[in-house]
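A quick write-up on the structure given underneath.
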Amino acid sequence: MKSIAKFLDRQLAEDAKYGGQMNLDECPSLPPAIDRYLRSRACRSAAWCRVNKEVRSHCSQRPMFFRLLAYMYAGMPGYRPGWQPVLTEGDVPSDPVADLLLERWRGEERLAREAAAEVGLDFSWREMERQDGQGLVLDGAGRPLWAVAVYPEDGFTVSRHGPGRVLRELAARRALLASLDVSDEPGRRLLRLLAEPYAEETDRAAPG
(Lines of atoms letter the chains of each structure in order from A; the text may use other names.)
(Lines give C-alpha, C1' and ligand atoms only; values in the text may rest on other atoms or scores of the structure.)
Protein backbone atom coordinates (compact mmCIF):
# COMPACT_ATOMS: atom_id res chain seq x y z
CA MET A 1 0.00 0.00 0.00
CA LYS A 2 2.92 2.38 0.67
CA SER A 3 4.04 2.16 -2.98
CA ILE A 4 0.52 3.00 -4.18
CA ALA A 5 0.35 5.95 -1.77
CA LYS A 6 3.72 7.27 -2.95
CA PHE A 7 2.64 7.05 -6.61
CA LEU A 8 -0.77 8.61 -5.85
CA ASP A 9 0.64 11.50 -3.82
CA ARG A 10 3.08 12.33 -6.61
CA GLN A 11 0.22 12.45 -9.13
CA LEU A 12 -1.96 14.57 -6.86
CA ALA A 13 0.95 16.99 -6.44
CA GLU A 14 1.33 17.25 -10.22
CA ASP A 15 -2.40 17.95 -10.55
CA ALA A 16 -2.16 20.59 -7.84
CA LYS A 17 0.74 22.25 -9.65
CA TYR A 18 -1.06 22.52 -12.99
CA GLY A 19 -4.65 21.55 -12.19
CA GLY A 20 -6.34 24.94 -12.60
CA GLN A 21 -4.28 26.18 -15.54
CA MET A 22 -5.81 24.51 -18.60
CA ASN A 23 -6.24 27.66 -20.70
CA LEU A 24 -7.35 26.40 -24.09
CA ASP A 25 -7.75 29.93 -25.42
CA GLU A 26 -3.95 30.16 -25.42
CA CYS A 27 -3.72 27.06 -27.65
CA PRO A 28 -4.49 26.60 -31.36
CA SER A 29 -7.99 25.48 -32.33
CA LEU A 30 -8.97 21.81 -32.23
CA PRO A 31 -11.59 19.65 -33.96
CA PRO A 32 -15.04 20.10 -32.35
CA ALA A 33 -15.20 16.78 -30.47
CA ILE A 34 -11.76 17.29 -28.91
CA ASP A 35 -12.49 20.93 -28.10
CA ARG A 36 -15.78 20.06 -26.37
CA TYR A 37 -14.11 17.33 -24.39
CA LEU A 38 -11.14 19.40 -23.21
CA ARG A 39 -13.27 22.42 -22.34
CA SER A 40 -15.50 20.21 -20.23
CA ARG A 41 -12.35 19.09 -18.40
CA ALA A 42 -11.01 22.62 -18.06
CA CYS A 43 -14.14 23.98 -16.41
CA ARG A 44 -13.95 21.45 -13.53
CA SER A 45 -10.31 20.35 -13.39
CA ALA A 46 -9.42 22.66 -10.47
CA ALA A 47 -12.47 21.49 -8.50
CA TRP A 48 -11.65 17.83 -9.06
CA CYS A 49 -8.08 18.51 -8.00
CA ARG A 50 -9.38 19.75 -4.62
CA VAL A 51 -11.87 16.90 -4.31
CA ASN A 52 -9.31 14.18 -5.04
CA LYS A 53 -7.01 15.59 -2.36
CA GLU A 54 -9.89 15.59 0.13
CA VAL A 55 -10.82 12.00 -0.74
CA ARG A 56 -7.15 11.10 -0.33
CA SER A 57 -7.37 12.30 3.27
CA HIS A 58 -9.95 9.56 3.94
CA CYS A 59 -7.73 6.78 2.60
CA SER A 60 -6.30 5.82 5.99
CA GLN A 61 -9.77 4.68 7.03
CA ARG A 62 -10.67 3.12 3.67
CA PRO A 63 -7.61 1.60 1.94
CA MET A 64 -9.80 0.72 -1.06
CA PHE A 65 -9.81 4.44 -1.85
CA PHE A 66 -6.04 4.30 -2.50
CA ARG A 67 -6.58 1.89 -5.36
CA LEU A 68 -9.58 3.77 -6.75
CA LEU A 69 -7.77 7.11 -6.75
CA ALA A 70 -4.56 5.63 -8.15
CA TYR A 71 -6.55 3.96 -10.94
CA MET A 72 -7.40 7.41 -12.31
CA TYR A 73 -3.69 7.77 -13.14
CA ALA A 74 -3.22 4.31 -14.63
CA GLY A 75 -1.94 5.87 -17.86
CA MET A 76 0.90 7.64 -16.06
CA PRO A 77 4.44 6.22 -15.85
CA GLY A 78 4.95 4.15 -12.71
CA TYR A 79 1.45 2.71 -12.41
CA ARG A 80 1.48 -1.06 -11.89
CA PRO A 81 -1.31 -3.20 -13.36
CA GLY A 82 -1.50 -5.14 -10.10
CA TRP A 83 -2.81 -2.04 -8.37
CA GLN A 84 -6.05 -2.06 -10.35
CA PRO A 85 -9.01 -2.10 -7.96
CA VAL A 86 -12.10 -4.24 -8.18
CA LEU A 87 -14.56 -1.91 -9.89
CA THR A 88 -18.00 -2.65 -8.53
CA GLU A 89 -21.17 -2.32 -10.55
CA GLY A 90 -23.25 -2.37 -7.37
CA ASP A 91 -26.25 -0.21 -6.61
CA VAL A 92 -25.62 3.43 -5.82
CA PRO A 93 -27.34 5.13 -2.88
CA SER A 94 -30.94 6.16 -3.39
CA ASP A 95 -30.40 9.89 -3.27
CA PRO A 96 -31.21 12.82 -5.59
CA VAL A 97 -27.62 14.05 -5.50
CA ALA A 98 -26.34 10.59 -6.48
CA ASP A 99 -28.87 10.51 -9.33
CA LEU A 100 -27.64 13.88 -10.60
CA LEU A 101 -24.01 12.74 -10.38
CA LEU A 102 -24.72 9.65 -12.47
CA GLU A 103 -26.46 11.80 -15.07
CA ARG A 104 -23.53 14.23 -15.28
CA TRP A 105 -21.03 11.39 -15.43
CA ARG A 106 -22.89 9.79 -18.33
CA GLY A 107 -22.49 13.08 -20.22
CA GLU A 108 -18.79 13.23 -19.41
CA GLU A 109 -18.34 9.64 -20.54
CA ARG A 110 -20.01 10.41 -23.86
CA LEU A 111 -17.65 13.35 -24.49
CA ALA A 112 -14.62 11.26 -23.54
CA ARG A 113 -15.59 8.39 -25.86
CA GLU A 114 -16.18 10.80 -28.75
CA ALA A 115 -12.73 12.32 -28.18
CA ALA A 116 -11.08 8.90 -27.79
CA ALA A 117 -12.48 7.84 -31.16
CA GLU A 118 -10.46 10.65 -32.77
CA VAL A 119 -7.28 10.91 -30.69
CA GLY A 120 -6.99 7.69 -28.67
CA LEU A 121 -7.08 7.22 -24.93
CA ASP A 122 -3.97 8.68 -23.29
CA PHE A 123 -1.95 11.79 -24.04
CA SER A 124 1.71 12.45 -23.28
CA TRP A 125 4.01 15.49 -23.11
CA ARG A 126 7.29 15.98 -24.99
CA GLU A 127 9.36 19.02 -24.14
CA MET A 128 10.91 20.64 -27.21
CA GLU A 129 12.63 23.79 -26.00
CA ARG A 130 14.36 23.68 -22.62
CA GLN A 131 14.76 27.45 -22.42
CA ASP A 132 11.08 28.17 -21.94
CA GLY A 133 9.71 24.64 -21.60
CA GLN A 134 7.58 24.60 -24.74
CA GLY A 135 6.60 21.20 -26.05
CA LEU A 136 4.13 19.00 -27.86
CA VAL A 137 1.06 17.21 -26.54
CA LEU A 138 1.02 13.77 -28.17
CA ASP A 139 -2.25 11.92 -28.63
CA GLY A 140 -2.86 8.21 -28.12
CA ALA A 141 -1.23 7.38 -31.46
CA GLY A 142 1.85 9.51 -30.75
CA ARG A 143 0.74 12.32 -33.08
CA PRO A 144 0.95 15.98 -31.98
CA LEU A 145 -2.44 17.22 -30.83
CA TRP A 146 -1.32 20.63 -32.12
CA ALA A 147 1.21 21.06 -34.91
CA VAL A 148 2.97 23.78 -32.90
CA ALA A 149 4.64 23.72 -29.51
CA VAL A 150 2.75 25.20 -26.56
CA TYR A 151 3.84 26.39 -23.13
CA PRO A 152 3.91 23.77 -20.36
CA GLU A 153 1.34 25.51 -18.15
CA ASP A 154 -1.15 24.74 -20.92
CA GLY A 155 0.25 21.69 -22.69
CA PHE A 156 1.47 19.70 -19.70
CA THR A 157 -1.96 20.00 -18.07
CA VAL A 158 -3.72 18.92 -21.26
CA SER A 159 -1.38 15.93 -21.52
CA ARG A 160 -2.63 14.70 -18.14
CA HIS A 161 -6.27 14.73 -19.26
CA GLY A 162 -6.50 12.25 -22.09
CA PRO A 163 -9.89 10.56 -22.55
CA GLY A 164 -8.59 7.37 -20.97
CA ARG A 165 -8.03 9.17 -17.69
CA VAL A 166 -11.62 10.40 -17.67
CA LEU A 167 -13.02 6.95 -18.37
CA ARG A 168 -10.93 5.53 -15.52
CA GLU A 169 -11.94 8.37 -13.23
CA LEU A 170 -15.60 7.77 -13.94
CA ALA A 171 -15.28 4.04 -13.27
CA ALA A 172 -13.51 4.82 -9.98
CA ARG A 173 -16.08 7.44 -8.96
CA ARG A 174 -18.97 5.08 -9.66
CA ALA A 175 -17.29 2.38 -7.56
CA LEU A 176 -16.69 4.94 -4.81
CA LEU A 177 -20.29 6.12 -4.98
CA ALA A 178 -21.56 2.53 -4.78
CA SER A 179 -19.47 2.00 -1.63
CA LEU A 180 -21.05 4.89 0.29
CA ASP A 181 -23.57 4.58 3.08
CA VAL A 182 -25.29 7.95 2.98
CA SER A 183 -27.12 7.19 6.23
CA ASP A 184 -23.95 8.04 8.18
CA GLU A 185 -21.88 11.21 8.29
CA PRO A 186 -18.72 9.83 6.61
CA GLY A 187 -20.83 8.65 3.66
CA ARG A 188 -22.66 11.95 3.40
CA ARG A 189 -19.34 13.80 3.60
CA LEU A 190 -17.91 11.85 0.69
CA LEU A 191 -21.10 12.29 -1.32
CA ARG A 192 -20.83 16.05 -0.81
CA LEU A 193 -17.22 15.90 -1.97
CA LEU A 194 -18.14 14.06 -5.15
CA ALA A 195 -20.87 16.62 -5.80
CA GLU A 196 -18.63 19.66 -5.15
CA PRO A 197 -17.60 20.21 -8.82
CA TYR A 198 -21.30 20.44 -9.68
CA ALA A 199 -22.15 22.66 -6.71
CA GLU A 200 -24.89 24.82 -8.27
CA GLU A 201 -26.69 21.83 -9.80
CA THR A 202 -26.45 19.68 -6.67
CA ASP A 203 -27.73 22.52 -4.48
CA ARG A 204 -30.90 22.47 -6.55
CA ALA A 205 -31.13 18.66 -6.31
CA ALA A 206 -30.58 18.44 -2.56
CA PRO A 207 -33.78 17.87 -0.54
CA GLY A 208 -35.09 20.74 1.57
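Okay, so the sequence shown: first residue is 1 according to the UniProt record's numbering, each after it adds one. Where a beta carbon is used, it is the ideal one built from N, C-alpha and C, also for glycine.
Fewer than three beta-carbon pairs drawn from the stretch 95 to 109 and the stretch 27 to 35 are found closer than 8 Å, and the two stretches are therefore not classed as touching. Taking Tyr151 as the centre and dropping the five residues before and after it, the same chain places the C-beta of Glu26, Asp132, Gly133, Gln134 closer than 8 Å to its C-beta, in chain order. If the five residues before and after Glu54 are omitted, its C-beta is found closer than 7 Å to the C-beta atoms of Leu193, all from its own chain and listed in chain order.
DSSP assignment within the stretch 144 to 207 yields the following whole alpha helix (DSSP H) runs of 4 residues or more, N-terminal first: 152 to 159, 163 to 178, 185 to 195, 199 to 205. Apart from the 5 residues on each side of it in sequence, Gly162 sits with its Cβ closer than 7 Å to the Cβ of Gly75, Leu121, Asp122, Phe123, Gly140 in its chain, given in chain order. In chain order, Pro28 place their CB closer than 8 Å to the CB of Ala147, counting only its own chain and leaving out the 5 sequence neighbours on each side. Out of Ser45, Asp154, Arg126, the CA that lies nearest to the CA of Arg143 is found in Arg126. Boundaries for Gly140: no beta strand (DSSP E) harbours it, and the DSSP string shows neither H nor E there.
In the three-state DSSP reduction, Ser94 falls in the coil class, being neither helix nor strand.
Taken atom to atom, the span from the alpha-carbon of Glu118 to that of Asp35 is near 11 Å. With respect to Arg174, Val182 sits apart: the two C-beta atoms are not nearer than 8 Å. Here Gly155 is buried, its C-beta having at least 16 other C-beta atoms within 10 Å. Per DSSP, Glu54 lies in no beta strand (DSSP E) segment; the continuous alpha helix (DSSP H) that holds it begins and ends at 45 to 56. By the Cβ criterion, the stretch 78 to 93 is in contact with the stretch 165 to 180, since at least three pairs of Cβ atoms, one from each stretch, lie closer than 8 Å. Annotation for Ser60: no alpha helix (DSSP H) segment contains it, and DSSP assigns it neither H nor E.
The beta carbon of Arg168 is closer than 7 Å to those of Tyr71, Met72, Ala74 in its chain, skipping five residues each way along the sequence.
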